[in-house]
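I have placed the structure first, in the form of structure tokens, so that the comments after it can refer back to it.
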Amino acid sequence: MRFAVIYCKDNIAGKNIVDRFKEISFSPQIPIIELKKETLYSEINTKKYPELKNIEFLFFASTHRSKKGDPSLCIHTAGNWRGAELGGKEGKICITSAFVLKYLFQKLNEKANEEKINEKYKISMEADHHGPLVDIPSCFIELGSLENEWKDKIAARVIANTILSLQIIEYKDLKNKGWKPTFGIGGGHYCLNFNKIQLNSKYAISHVIPDYSFPANESIIKEAEEKTIEQIKEVLIDWKSMKSEEREIIIEILNKKGLKYKKTSDVEKN
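Quick note, the numbering used here runs 52 ahead of the 1-based positions in the sequence shown.
Structure follows, in structure tokens:
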């Protein structure tokens with residue numbers, strides 16, 4: 053697939069990832085764009101960056117931060133279910149591919165295992181939660197959570213190799229894997245139940261609407277459905293993470309839109 057990598061020049065982890073990427077990749081055909089200000093608040097479009105015109109997927113290489121400071125490798129789609137305190141636009145999320153995200157999450161786990169850092173680093177999806185807002189299918193791929201990890205060259209190389217692996221994959225190859233595109237509703241920010249599904253099932257998850265963004269409404273569901281390039285027919289619900297009245301609202305919306313649903317606990321895992 054044709055992809056590009058974007059990072060902020062002052063973002064320690066982002067620069068580390070890109071430096072490792074340049075060490076293992078000699079292809080001038082892969083655009084690498086350096087931003088002067090933090091990615092979350094940047095304006096990114098093909099008019100401003102014409103090298104993105106024919107790009108199929110866009111990576112944002114960046115730091116991951118958390119209060120606990122756990123070493124982490126994270127993937128998530130950008131956008132905001134509610135407010136836009138961290139860039140982007142209120143109530144708008146970015147378009148992405150459920151198939152590409154599943155492939156990347158599995159590859160990130162595989163590469164971390166090869167480098168023997170899978171026990172040190174927690175590998176996780178995150179719920180959509182910040183900007184920027186772009187109209188190219190994309191995701192954040194992050195290294196965290198503190199400065200020691202941001203500077204970790206081995207962990208950065210794991211992410212760089214994960215990104216580079218997309219170069220030898222055609223989108224049609226992912227379509228032929230028999231995966232079921234979906235998005236997730238419920239659970240916490242780090243998507244514990246959805247992580248297991250993304251790694252070990254036939255479901256491919258594009259977006260996650262966490263319980264802290266509730267109450268859910270039709271606009272939020274519409275965003276998740278329409279900002280997935282694959283057609284969504286079934287949605288996954290982290291059933292036990294929400295109150296019964298929240299489930300009733302969500303199920304009513306899904307029924308109205310003709311979308312089926314399944315509990316995460318009912319998903320068959322490999």
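Don't be surprised by glycine CBs; every beta carbon is placed ideally from N, CA and C.
Item                                                                                                                                                           : Value
To the nearest angstrom, report how far apart Y255 and T316 are at their CA atoms.                                                                             : 10 Å
Looking only at its chain, what residues have a beta carbon closer than 7 Å to the beta carbon of A391, apart from the 5 residues adjacent to it on each side? : Nothing about residue 391 can be reported from this structure: the residues present for the chain run from 53 to 322 only.
Which residue wins for smallest C-alpha separation from Y173, given the options I147, D204, A276?                                                              : D204
In the structure shown, what three-state DSSP assignment does S190 receive?                                                                                    : strand
Quick one: what does DSSP say I169 is sitting in, helix, strand or coil?                                                                                       : coil
Can you tell me whether P80 is helix, strand or coil according to DSSP?                                                                                        : coil
With a Cβ-Cβ cutoff of 7 Å, do K312 and Q250 count as a contact?                                                                                               : no
Return the first residue and the last residue of the alpha helix (DSSP H) that L216 is part of.                                                                : 205-216
Note down the Cα distance separating V152 from Y223, rounded to an integer number of angstroms.                                                                : 8 Å
At which residue ranges does the stretch 102-178 contain complete alpha helix (DSSP H) runs of 4 or more residues, listed in the order of the chain?           : 150-166
If I follow the unbroken alpha helix (DSSP H) through L246, where does it start and stop?                                                                      : Correcting the residue type first, residue 246 is Phe in the shown sequence and not Leu. That run of the alpha helix (DSSP H) goes 244-252.
Is it the case that the Cβ atoms of L306 and V287 are separated by a distance below 7 Å?                                                                       : yes
Whose CA, out of L156, F112, A56, lies closest to the CA of Y93?                                                                                               : F112
Under a Cβ-count criterion, where at least 16 other Cβ atoms within 10 Å of its own Cβ denotes burial, should P262 be classed as buried or exposed?            : buried
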